[in-house]
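Since the structure comes first, as structure tokens, the remarks are kept for the end.
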Amino acid sequence: MLIVSALIGLYYWWTGRGKSSANEFLMANRSMSVLPVSMSVMASFISAIALIGIPAEVYIYGLQNWAMICSFPVVMYVSAYMFMPVFYELQITSTYEVVLMSIVLYGPALAISQLTGMGLWFSVITTGVVCTFYTTIGGMKAVVWTDVFQTTLMFAMMGTVVVKGVYDLGGLHTLWDINNHFDRIELFNLNPNPFIRHTFWTVFFGSVVHWTNIYATNQAMVQRYLTIPTLKRAQMTLLIVWPLKTTIICLSCLAGLVVFAKYSTCDPMSTKRIERFDQLFPLYVIQSFSFIPGFVGLFIAGVFSGSLSTISSGVNSLSAVTLQDFIRPFLSYKMSDSAATLTVKVVAVFYGLLSIALVLLAQQMGNILQAAIALFGLLGSPVFGLFILGMFVPTANSKGAFWGTLLGISCSLWVGVGAMMYKPYLPKKPISVESRTSIAEMDSTLFTPLVRKHVERLQRLRIEDYIQKEGPEKAQQVIASALIGSAGQLPHKSHTDLVLNNFTHNYVNNNNTNNSINSYNNDNYYLNEAFISALIGLYYWWTGRGKSSANEFLMANRSMSVLPVSMSVMATFISAIALLGFPAEVYIYGLQNWAVMCSFPIVMYVSAYMFMPVFYELQITSTFEVC
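Heads up: take any position in the sequence shown, counting from 1, add 25, and you land on the working numbering.
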């Protein structure tokens with residue numbers, strides 16, 4: 026996998042040599058087609074944490090988290106038709122990016138290394154180096170097409186696991202009956218109490234706000250939209266991302282149900298076979314598929330596909346932000362295109378190596394790191410509110426924006442710090458250990474302090490999923506900003522961001538974990554993925570040599586097609602953490618988290634038809650210029 030990804034980067038380096046520019050590197054010269062961009066958009070936020078975490082979520086808490094799917098129509102519409110036009114008009118390159126790539130790199134590597142014997146630092150270094158390699162030499166085109174390759178691997182891996190798992194159980198009816206008996210099938214919990222961890226309403230409305238934040242204004246997303254030549258085709262990417270995103274979440278939820286059905290009479294956590302719930306999904310794959318030569322290696326490659334897509338997206342978008350917001354504004358002269366191209370490539374190497382170096386901190390920081398991640402999530406809400414204010418409130422001005430954002434940050438910190446200080450108790454779904462059932466009756470004996478600590482952390486780190494925490498913060502910020510601005514000077518014309526946000530854990534070494542599958546030589550499959558990714562990067566470097574520019578590097582010369590961009594958009598926020606975490610979420614709490622999918626129509630519509638046109642119309646490089 027790593028080899029293929031590297032080869033993609035080499036391809037675009039080779040084809041683009043001699044014509045390289047910053048625009049080519051960051052935006053692929055705005056020439057990408059719809060499908061690869063759609064796959065890239067989807068893959069960008071489907072990390073390995075999600076692929077492993079969602080099944081664990083279903084295993085423990087049930088299926089209510091499925092409701093996130095219901096938010097996707099709203100998310101896609103708002104992103105495509107409200108936010109995207111603004112960014113398209115501005116033709117910007119950057120919004121903002123939080124440097125959490127080391128977590129996406131470290132978390133899945135540790136979880137898998139302790140179950141398979143695969144070296145922790147081997148996976149961390151190879152993933153980081155290959156990502157940096159193909160992103161630096163191939164630019165945005167290499168990032169998008171490696172996302173397409175890695176998304177295909179993710180779907181193949183998850184689909185195979187689910188189909189064989191259901192077949193081994195005897196069919197969907199057996200899967201459904203077992204999970205229903207243990208209260209994992211919770212699709213429509215309509216209780217309006219906002220303090221219940223998962224109800225349809227909290228998952229749905231929280232997902233609308235959370236995913237609209239990502240698909241409408243996130244730097245990695247906007248940069249992909251602007252690689253497509255026309256606004257109409259760019260909006261098509263979110264219409265493709267919607268079913269792709271829904272499918273991967275459905276597969277992750279089903280994986281959680283399959284894992285729970287497998288261990289419904291012998292919970293691995295209670296029997297000390299694993300130490301963290303994010304090891305549930307890898308454990309299941311190892312025990313169920315180890316007799317198939319190479320499949321465990323395919324699983325590892327599929328999980329790390331999520332990490333590759335998320336990290337490469339971060340490296341590229343951070344390069345754009347640094348160039349446009351921290352270098353060019355402080356120069357007394359206009360930077361030439363060749364100098365800008367060299368600068369963004371050097372910056373890309375720096376951020377790639379930094380993500381590897383920060384893994385050392387991730388090992389040592391523990392709860393401090395978790396608090397920092399939660400803090401970054403809290404600050405994302407006020408920034409999104411700032412975008413809404415600047416784009417849709419005519420009376421907005423700098424005074425109102427400043428005080429409204431300050432109020433939004435204060436409220437976010439109050440809610441988030443309070444959630445971390447006063448840890449809630451979360452009731453778990455029933456489990457069984459050798460015919461001992463009902464966790465409701467035996468909670469204190471079956472669930473160790475480690476489990477409870479994990480579950481509480483899961484909620485604290487997912488504060489952005491709940492409407493009672495994120496939605497009102499944005500609303501009060503926009504209202505306050507508008508009122509303050511109206512009371513001040515006249516408005517001026519302005520230029521017209523479970524396990525769904527990558528939950529992490531305070532890992533501890535597990536020297537008792539079974540490492541019996543080393544003989545399968547699974548590293549080779551992972552390295553093949555890396556090799557292909559590197560070849561993609563080399564291809565675009567070679568084909569673009571002699572014509573490289575900053576626009577080509579960052580925006581692919583705005584010449585990408587719709588499908589690859591759609592897959593890239595999807596992959597960007599499906600990290601390895603999500604792939605591991607969603608099954609754990611379902612395992613522990615049930616299926617209610619499915620409701621996130623219900624938000625997707627709203628998210629996609631708002632993103633495509635409210636935000637995207639603004640970015641397209643203004644044709645600028647930094648999304649912060651919108652505000």
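Note that beta-carbon positions come from the ideal geometry of N, C-alpha and C, so glycine has one too. Note that the structure is predicted; figures quoted are calculated from it, not measured.
For residue i, three-class secondary structure by DSSP
i, result
"Leu552", "helix"
"Val374", "helix"
"Glu577", "strand"
"Phe528", "Because the pLDDT at Phe528 is just 31, under 50, the model does not fix this residue reliably, and the value given afterwards should be weighed accordingly. The answer is coil: DSSP assigns Phe528 none of H, G, I, E or B."
"Asn90", "strand"
"Ser423", "helix"
"Ile221", "coil"
"Ser313", "helix"
"Leu305", "helix"
"His520", "Low local confidence applies: a pLDDT of 33 at His520 is under 50, so the model's placement there is unreliable, and no value is given."
"Leu605", "helix"
"Leu431", "helix"
"Ile599", "strand"
"Ile33", "strand"
"Leu215", "coil"
"Ile613", "helix"
Beta-carbon contacts of residue i that lie in its chain and below 6 Å, excluding the five residues immediately before and after
i, result
"Met183", "Leu276"
"Ser344", "Val369, Val372 and Ala373"
"Asn539", "Bear in mind that a pLDDT of 42 at Asn539, under 50, signals an unreliable position, so the number given afterwards is only what the model happens to contain. So no residue of the chain qualifies."
"Met107", "Val631, Tyr634, Met635 and Phe636"
"Phe355", "none"
Within 8 Å, strictly: CB atoms of residue i and residue j
i, j, result
"Asn54", "Ala581", "yes"
"Phe9", "Ile599", "For the chain, the structure presents residues 26 to 652; residue 9 sits outside this window and is missing."
"Leu664", "Thr152", "Residue 664 cannot be examined here, being either before or after the span of the chain that is shown, 26 to 652."
"Leu194", "Ala286", "yes"
"Leu60", "Ser586", "yes"
"Trp567", "Tyr36", "yes"
"Phe97", "Met592", "no"
"Val384", "Val233", "no"
"Ser342", "Gln248", "yes"
"Ile203", "Ser289", "yes"
"Phe225", "Leu215", "yes"
"Met595", "Ala68", "yes"
"Gly327", "Ala181", "yes"
"Trp91", "Trp619", "yes"
"Ser437", "Val99", "no"
"Gly615", "Ile79", "no"
"Ser590", "Val66", "The amino acid occupying residue 590 in the given sequence is Val; Ser does not appear at that position. Yes, they are a contact pair."
"Gly87", "Gln617", "yes"
Close beta carbons around residue i, own chain, < 8 Å, minus the five adjacent residues each side
i, result
"Ile33", "Tyr159, Gly163, Ala167, Trp170, Thr171, Phe174, Ile557, Ser558, Ala559, Leu560, Ile561, Gly562, Leu563, Tyr564 and Tyr565"
"Val187", "Leu276, Leu279, Ala280 and Val283"
"Asn537", "For Asn537, the predicted structure reports a pLDDT of 41, less than 50, and the residue's modelled location is therefore unreliable. A value from the coordinates is still provided. Excluding sequence neighbours, Asn537 sits near Lys297."
Residue i - partner residues in DSSP beta bridges
i, result
"Ile28", "Glu554 and Phe556"
"Asn54", "Ala581 and Asn582"
"Ser104", "Ser632"
"Val384", "DSSP, once it has assigned bridges, lists no residue as partnering Val384."
"Gly439", "Here the sequence assigns Trp to residue 439, which means Gly is not the residue at that position. According to DSSP, which records beta bridges pairwise, Trp439 is partnered with nothing at all."
"Thr568", "Thr40"
"Met416", "According to DSSP, which records beta bridges pairwise, Met416 is partnered with nothing at all."
"Ala68", "Ala596"
"Ser591", "Ser63"
"Ile561", "Ile33"
"Leu96", "Checking the sequence shown, residue 96 turns out to be Ser, not Leu. Partner(s): Ser624."
Cut-off 7 Å between Cβ atoms - residues of its own chain near residue i, not counting five sequence neighbours on either side
i, result
"Cys156", "Leu333, Ile336, Ser337, Val340 and Gly377"
"Val476", "Because the pLDDT of Val476 is 38, which lies under 50, any placement of that residue in the model is unreliable, and the number read from its coordinates should be weighed accordingly. Closer than 7 Å at the Cβ level, and outside the excluded window around Val476, lie Met294."
"Ser584", "Ala53, Asn54, Arg55, Ser56, Met57 and Pro254"
"Phe229", "Ala92, Cys95, Ser96, Ala620, Cys623 and Ser624"
Any non-hydrogen atom of the ligand COA closer than 7 Å to residue i Cβ
i, result
"Val234", "Among the components modelled here there is no ligand, and therefore nothing to report on the ligand COA."
Below-8 Å beta-carbon distance, residue i vs any chain D residue
i, result
"Val155", "Absent here is chain D; the protein component of the structure consists of one chain."
Could you name each continuous alpha helix (DSSP H) segment of 4 residues or more that falls completely within the region 132-208, going from the start of the chain to the end?
145-194 and 197-206
Please specify which runs of the beta strand (DSSP E), each continuous and at least 3 residues long, are wholly inside the region 615-644, giving them in chain order.
615-624
What residue ranges within the region 225-302 form continuous beta strand (DSSP E) runs of no fewer than 3 residues, ordered along the chain?
none
Would you mind listing the alpha helix (DSSP H) stretches within the region 318-371 that are 4+ residues and don't spill past its ends, in chain order?
320-346
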